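S.K.: Residue numbering for the sequence shown follows the numbering used here, starting at 29 and increasing by one per position.
Before I ask anything, let me first share the structure, which is written out below as structure tokens.
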Amino acid sequence: MSMLVRSTKRLHGISPSVAAWAIQPSQLLRYSSWSIPFDTQPFALGRFEPCCPESGPAADNGFVACQKHPLPPVLGKKIDMVSDMVAERSTQRHVVMCVGSDSNDWSRAKVEAVAGGPVCEAESLHGDYLRRNRHNPPPPTDKDFLMTVCDRPPSSPPTCDAMVFPDFISYPHIDPTQLAKADFRHVLESLWYDPSNQLPALSGTHQKPLDDDILAVVLVCTHERRDMRCGKLGPLIVDAFRRGLAARDADLQGKRVLVHGTSHFGGHKFAGNLIIHQRSLGGQMYGNVRACHVDGLIDRHLIHGKIIKELWRGQVTPPLSSLPSSS
């Protein structure tokens with residue numbers, strides 16, 4: 029589960045009440061303050077389309093099994109490949125808490141319900157923040173930020189690390205149970221006030237940029253306790269990315285792409301779901317992805333810097349250069 033953080037309201041989970049509206053086709057080439065570089069080259073496969081279709085009729089929802097990339101038919105038949113999955117989001121930043129694959133955060137359907145976990149503790153801290161500031165002028169924006177956990181191992185367990193996008197900044201050694209005393213709380217408070225803010229500078233080892241050779245971070249929903257579709261499809265997509273990136277290593281010209289499983293961020297029915305954070309492209313969400321699509325995503329998005337309109341679900345963060353605080 030992920031949480032969408034409203035600057036002016038309480039912390040809450042994604043729900044129909046905050047679901048964003050569909051973007052009209054005429055709006056798709058302009059998003060926030062920059063133009064989305066959609067690929068002018070048609071993508072080879074449509075939504076959840078197999079690369080090597082098995083013979084036989086399609087399921088009622090249009091699902092066709094793939095000979096090369098098998099997956100449980102019972103899950104494939106529960107994928108929505110028809111409804112509009114593009115939504116305008118008001119998020120400006122994505123806070124990703126790196127908890128590792130064996131964290132207790134994965135034991136519940138909603139990570140904000142895991143006592144002592146980073147998202148649960150952030151929710152509690154946000155409540156305190158709102159109470160302290162209830163008599164102050166309201167924040168200058170209604171923008172949000174997204175907060176999820178991922179299975180990237182933390183640098184010093186049992187603490188966790190945070191990655192903030194589109195800044196590509198890491199904050200190591202965060203004890204969620206001591207979040208109110210941690211320097212990282214200043215980052216959260218800044219984002220609660222205005223997620224477009226320039227991030228506050230923290231001292232010493234409390235903040236560092238991600239390595240310059242990291243071209244992108246791919247976060248695939250693998251949250252099985254939240255929804256079986258993402259839980260089963262996500263790991264297949266993670267494996268496909270890692271194999272595909274190894275095969276295209278020369279084309280990456282010395283750059284690295286990190287690929288990790290993440291908690292839910294909305295839209296189970298559009299599984300597989302993933303977010304690609306790339307320095308020049310911001311954070312872009314894709315849906316109806318299966319392993320068949322991964323080589324194309326690597327080639328068009330990661331290597332050629334083009335966003336694939338056929339699978340696009342919307343923008344999670346703009347590029348850092350497009351945030352008001354960077355202008």
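In this text, a Cβ means the ideal position worked out from N, Cα and C, and glycines have one as well.
The structure presented is a predicted model; accordingly, all values stated were derived computationally and were not measured.
In this structure, what does DSSP give as the bridge partners for residue 342?
M.R.: DSSP lists 313 as partners of residue 342.
S.K.: Ordered along the chain, which non-local residues of its own chain (more than five positions away) have a Cβ less than 8 Å from that of residue 214?
M.R.: Taken in chain order, the residues that qualify are 228, 230.
S.K.: Can you tell me which of 129, 276, 193 puts its alpha carbon nearest to the alpha carbon of residue 249?
M.R.: Nearest of 129, 276, 193 to residue 249, Cα basis: 129.
S.K.: Suppose the cutoff is 7 Å on Cβ atoms and the five residues either side in sequence are ignored; what does the same chain contact list for residue 195 look like?
M.R.: Correct list, in chain order: 227, 348.
S.K.: On the DSSP bridge list, what partners appear for residue 68?
M.R.: For residue 68, which the question treats as bridged, DSSP gives no partner whatsoever.
S.K.: At what residues does the beta strand (DSSP E) containing residue 286 begin and finish?
M.R.: Note, residue 286: beta strand (DSSP E), 284–290.
S.K.: Use the C-beta contact count for residue 345: other C-beta atoms within 10 angstroms, 16 or more gives buried, fewer gives exposed.
M.R.: Under this definition residue 345 is a buried residue.
S.K.: I'd like to confirm the pairing. Which residues does DSSP put opposite residue 119 in its beta bridges?
M.R.: 172, per the DSSP bridge assignment.
S.K.: What do you get for residue 110, buried or exposed, if any count of 16 or more other CB atoms within 10 angstroms of its CB means buried?
M.R.: That one is exposed.
S.K.: Mark residue 164 as exposed unless 16 or more other C-beta atoms lie within 10 angstroms of its C-beta, in which case mark it buried.
M.R.: Looking at its Cβ environment, which holds fewer than 16 other Cβ atoms inside 10 Å, residue 164 is exposed.
S.K.: Quick one: residues in its chain with C-beta nearer than 7 Å to the C-beta of residue 36, no 5 flanking neighbours on either side, listed in chain order?
M.R.: Because residue 36 sits at a pLDDT of 41, beneath the cut-off of 50, its placement in the model cannot be relied upon, and the following sentence gives the value as read from the coordinates. Excluding residues within five positions, the ones whose Cβ falls inside 7 Å are 166, 167, 170.
S.K.: In the stretch 141–165, which residue ranges form an unbroken alpha helix (DSSP H) of at least 4 residues, counting only runs that do not cross its ends?
M.R.: Complete alpha helix (DSSP H) runs here, min 4: 146–160.
S.K.: Given this structure, state the Cα-to-Cα distance separating residue 121 from residue 307, to the nearest angstrom.
M.R.: In a straight line, the C-alpha of residue 121 is about 13 Å away from that of residue 307.
S.K.: Would you mind working out which of 157, 320, 105 sits nearest residue 266, comparing C-alpha positions?
M.R.: The residue with the shortest Cα to Cα distance from residue 266 is 320.
S.K.: How close, in whole Å, do the beta carbons of residue 96 and residue 79 come, if the pair is a contact with beta carbons under 8 Å?
M.R.: Between residue 79 and residue 96 the Cβ distance is about 6 Å, and since that is below 8 Å, they are a contact.
S.K.: Can you tell me which of the three DSSP states residue 278 falls into?
M.R.: Here residue 278 sits in helix by DSSP.
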